[in-house]
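Worksheet for the structure shown next.
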Amino acid sequence: MAGKPKLYYFNGRGLMETIRWLLAAAGVEFEEQLIEEKEDLEKLRQDLLFQQVPMVEMDGMKMVQSRAILNYIAAKYNLYGKDMKQRAWIDTYCEATMDMNQSITMLPFKPADKREKAFADIIEKATTRYFPVFEKVFKDHGQNFLVGNQLSRADIQLLEAILTVEELKADILAKFPLLKAFKERISNIPTVKKFLQPGSPRKPPIDEKGIKKAMEVFHLIDD
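Each step along the sequence shown adds one to the number in UniProt numbering, with nothing skipped, and position 220 is 220.
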């Protein structure tokens, strides 16, 4: 019997958090090998294709590149649609949510004098570019899930993006009732609900200590 997937990353969200979300939603338990010092990363380099993390070790593979990892997990656990057309829509929606999450992830690392504008840009894009599109999707097809009326990685990644933006502006869904209903619906799926409970592998927003540690460990290493 294969062991649990093993995740290699620092003790924070970053590029690994969506992978944690997707595994948790699929009901897959996983282990984490935290990279806490520069030396930890150096020791790991011999196993790192392209010298990059996140890395996920599962099914006899040591996978890097976050999108490739997410695609594999989604396909393996039936979270990637039933045909190529559905997969194309899932990819489209996921790219949008990843754009949102990446902007938020980078916000604490920006110089203090640029954070206010970056914050405003995130809120503006969420409320005028991204959330209106997802609201219209649900209005047009009247179904419970984004694609094919079945749970996919697009639903999981949209929920992650919503909850992440809500950490910046709690009432951001005020004008998006269908997204608000979607959030409640997906949050109550048993595996997702478990991941949202205290003590789960879900990581909190990064603090100043975490920012300093990440910068010390990774320098210019990114995905």
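Where a beta carbon is used, it is the ideal one built from N, C-alpha and C, also for glycine.
Since the structure is predicted, the reported quantities are computational estimates derived from the model, not experimental observations.
When the Cα of residue i is compared with those of the options, which residue comes out closest?
| i | options | result |
| --- | --- | --- |
| E17 | N101, E116 and E184 | N101 |
| L49 | A96, P111, A68 and K85 | A68 |
| L168 | A24, E124 and L178 | E124 |
| F30 | Q65, G142 and M55 | M55 |
| E135 | V28, G199, I172 and R202 | I172 |
| F195 | E160, K76, P111 and F109 | E160 |
| G3 | V28, P108 and K117 | V28 |
Alpha carbon to alpha carbon, how far is residue j from residue i? Give it in angstroms, no decimals.
| i | j | result |
| --- | --- | --- |
| G14 | V217 | 13 Å |
| L220 | F119 | Since pLDDT at L220 reaches only 44, below the 50 mark, its modelled position is unreliable, and the value read off the structure follows with that caveat. Their Cα atoms are separated by approximately 23 Å. |
| A154 | I90 | 5 Å |
| D40 | R185 | 40 Å |
| S187 | I122 | 23 Å |
| Y9 | P205 | 15 Å |
| K209 | V147 | 39 Å |
| V165 | Y130 | 11 Å |
| A26 | K212 | 33 Å |
| V53 | K139 | 38 Å |
| M84 | V192 | 26 Å |
| N71 | D113 | 37 Å |
| K43 | L7 | 15 Å |
| A126 | I189 | 24 Å |
| L151 | Q197 | 20 Å |
| G81 | A174 | 30 Å |
| Y77 | R87 | 14 Å |
| L179 | E32 | 32 Å |
| M1 | L22 | Note that M1 has pLDDT 43, beneath the 50 cutoff, so the model's placement of it is unreliable and the number below is only indicative. Cα to Cα, the separation comes out at about 21 Å. |
| Q143 | I73 | 24 Å |
| D207 | N11 | 11 Å |
| F176 | F109 | 29 Å |
| P201 | V133 | 30 Å |
| S66 | L79 | 16 Å |
Here's the rule: buried if 16 or more other CB atoms are within 10 angstroms of the residue's CB, otherwise exposed. What is residue i?
| i | result |
| --- | --- |
| L34 | exposed |
| M106 | exposed |
| T128 | exposed |
| M215 | exposed |
| Q46 | exposed |
| residue 251 | It is not possible to answer for residue 251, since the shown part of the chain is limited to 1 through 223. |
| R115 | exposed |
| A181 | exposed |
| E36 | exposed |
| R20 | buried |
| Q157 | buried |
| V64 | buried |
| A24 | buried |
How far does the beta strand (DSSP E) with residue i in it reach, from first residue to last?
| i | result |
| --- | --- |
| Q33 | E31 to L34 |
| Y8 | K6 to Y9 |
| M63 | M61 to V64 |
| E57 | M55 to M58 |
Are the C-beta atoms of residue i and some chain B residue less than 8 Å apart?
| i | result |
| --- | --- |
| D40 | The structure shown has no chain B; it contains just one protein chain. |
Could you tell me the boundaries of the alpha helix (DSSP H) in which residue i lies?
| i | result |
| --- | --- |
| V165 | R153 to E166 |
| E124 | A112 to K125 |
| V147 | Per DSSP, V147 belongs to no alpha helix (DSSP H) and is neither H nor E. |
| Y93 | M84 to M106 |
| K194 | P190 to F195 |
Three or more C-beta pairs closer than 8 Å, one from the region 91-100 and one from the region 54-65: is that the case here?
no
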